[in-house]
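Chemist: Residue numbers for the sequence shown follow the working numbering, beginning at 31 and rising by one.
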Amino acid sequence: MAERPSPPEVDRAAASRRAVAARQARASLKRDLTTRVVHPLDVLRRAATEDAASPAASMRVTEFLTALPAIGEGKRDRILDELGISPVKRLGGLGVRQRVALEEWLAGRFPLPAPRAGRSALLVLAGPTAVGKGTVAAVIRREYPEILLSVSATTRPPRPGEVEGEHYYFVDDDAFDRLIADDALLEQATVHNRYRYGTPRQPIEEALAAGRTVLLEIDLQGARQVRAAEPSASLVFLLPPSWDELVERLVGRGTEGAEERARRLRTARVELAAQNEFDYRVVNDDVETAAREVVALAARH
Ligand code: 5GP
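Put into structure tokens, the structure is as follows:
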């Protein structure tokens, strides 16, 4: 009797490489879910449209649920039971009724911000450290001169190439105190426990009165203050393309000690959790595209 031919060595090696790559891609997507870099509804939608071997479609529904913030195994099993979904199912293999039930459950549990009516032309761009909001803002400054990019005051010394009045107003602590005392700042915060930064109020008020769009590129504390002071402002949260990419940007060079590395990652998780407070989310995969998306949000007003 002839032996069953086994696949040639090269095919087996290639297949096992593909299997490893698929597992890594799934693990990476799970990290994105845990850290809220992607919304669970996005993953479910991808699973319905992509190839069965894609990271979203091939993810087990059990893995998917436990990757979500604050869902443990007990809760996961209760949810699956309630929705009538077998724990062996993969996201790409859900029936229509099961997918709709899961979608409804996710929409209730992780609501997406609904764009609110009556927004002003004041746009705030914030996001986690190292997501690249400065770069996106620089592209907007260069390519969309009709938008006023607010120039902040800061107590940080200028870096090489930075121009007074263009990148920042560089002031000392006393001058910054005076700006606060004169109520000349719309918001102000100490960033990274180091230097103080604040947004001058007057240029913004003048530009808004003249019908221009104004963009502030500030940190999360500042964004919250703007929301409180000007509830009609639109808050845009810039997201990294993936959690792994953000980690790479935060600690990529590996020059920090383990403690500093852990501190930065903890901070990034906390910062990502703030996205629920924002009106819009833009993914900074490609800087030019992200800039265009932010500007398109401005054009809605
Ligand atoms: P850098 O020193 O690298 O230019 O900026 C450091 C951080 O300060 C960035 O996250 C930037 O968004 C933030 N920042 C810049 N200007 C302001 C501001 O006027 N207010 C607040 N709250 N943060 C600012």
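No residue lacks a Cβ here, since even glycine has one placed at the ideal position from N, Cα and C.
1. Can you list the alpha helix (DSSP H) stretches of 4 or more residues lying completely in the region 91-155, in chain order?
2. Mapping the DSSP letters down to three states, classify T184 as helix, strand or coil.
3. Are the Cβ atoms of R108 and T96 separated by less than 8 angstroms?
4. Restricting to Cα atoms, I'd like to know which of Q232, A78, Q218 and A329 is closest to Q255.
5. Give a yes or no on whether the C-beta atoms belonging to V154 and A263 are separated by under 8 angstroms.
6. Nearest by alpha-carbon distance to L121: which of E192, A240, G114 and M89 is it?
7. Quick check: the Cα distance between R53 and A320, rounded to an integer number of angstroms?
8. Cα-Cα, which of G287, P230, R56 and L295 is closest to A183?
9. Looking at the structure shown, is E307 part of a helix, part of a strand, or coil, going by DSSP?
10. Taking 8 angstroms as the cut-off, decide whether the C-beta atoms of L250 and A205 are in contact.
11. Keeping to the same chain, check which residues put their C-beta closer than 7 angstroms to that of E318; ignore five residues upstream and five downstream.
12. Tell me where the alpha helix (DSSP H) around A219 begins and ends.
13. What separation, rounded to the nearest whole angstrom, lies between the Cα atoms of K163 and I210?
14. Please indicate yes or no: does the CB of A191 lie closer than 7 angstroms to some heavy atom of the ligand 5GP?
15. Compute the Euclidean distance between the alpha carbons of P85 and E289, then round it to the nearest angstrom.
16. Is there contact between the region 219-226 and the region 235-244, where contact requires at least three CB pairs shorter than 8 angstroms?
17. Indicate the three-state DSSP secondary structure (helix, strand or coil) for T165 in the structure shown.
18. Could you give the first and the last residue of the continuous alpha helix (DSSP H) run that contains S58?
19. Using 8 angstroms as the threshold, is the C-beta distance between N314 and V161 below it?
20. Suppose you measure from the CA of G123 to the CA of A137; what does that come to, to the nearest Å?
21. Tell me the residue span of the alpha helix (DSSP H) that contains P233.
22. By DSSP's criteria, F267 is part of a beta bridge. Which residues make up the other side?
23. What do you reckon, is the C-beta of T185 under 7 angstroms from a heavy atom of the ligand 5GP?
Modeler: If we stick to the structure as given:
1. Within the region 91-155, the runs of alpha helix (DSSP H) at least 4 residues long that lie entirely inside it are, in chain order, 91-97, 103-113 and 126-139.
2. T184: strand per DSSP, three-state reduction.
3. Cβ distance not < 8 angstroms, so R108 and T96 don't count as in contact.
4. Cα-wise, what sits closest to Q255 is Q218.
5. Result yes, Cβ atoms of V154 and A263 sit closer than 8 angstroms.
6. Among E192, A240, G114 and M89, the Cα nearest to that of L121 belongs to M89.
7. Taking the straight line from one Cα to the other gives about 29 angstroms.
8. Per the Cα distances, P230.
9. In the structure shown, E307 adopts helical secondary structure according to DSSP, grouped into three states.
10. No, the pair does not count as a contact, with Cβ atoms beyond the cut-off.
11. V169, listed in sequence order.
12. A219 -> not in any alpha helix (DSSP H); beta strand (DSSP E) instead, spanning L215 to V221.
13. Straight through space, the alpha carbons of I210 and K163 are spaced by roughly 25 angstroms.
14. In the sequence on display, residue 191 carries Gly and not Ala. Not under cutoff, so the answer is no.
15. Roughly 32 angstroms between the two C-alpha positions.
16. With the cut-off at 8 angstroms, the region 219-226 and the region 235-244 do not touch.
17. Here DSSP, grouped into helix, strand and coil, assigns T165 to helix.
18. S58 -> alpha helix (DSSP H) spans E39 to T64.
19. The answer is yes: Cβ separation under 8 angstroms.
20. One Cα belongs to G123, the other to A137, and the distance between them is close to 20 angstroms.
21. Counting along the chain, the alpha helix (DSSP H) containing P233 begins and ends at R231 to A239.
22. Answer by DSSP bridge pairing, in chain order: A156 and R311.
23. Flag unset: Cβ of T185 not near the ligand 5GP.
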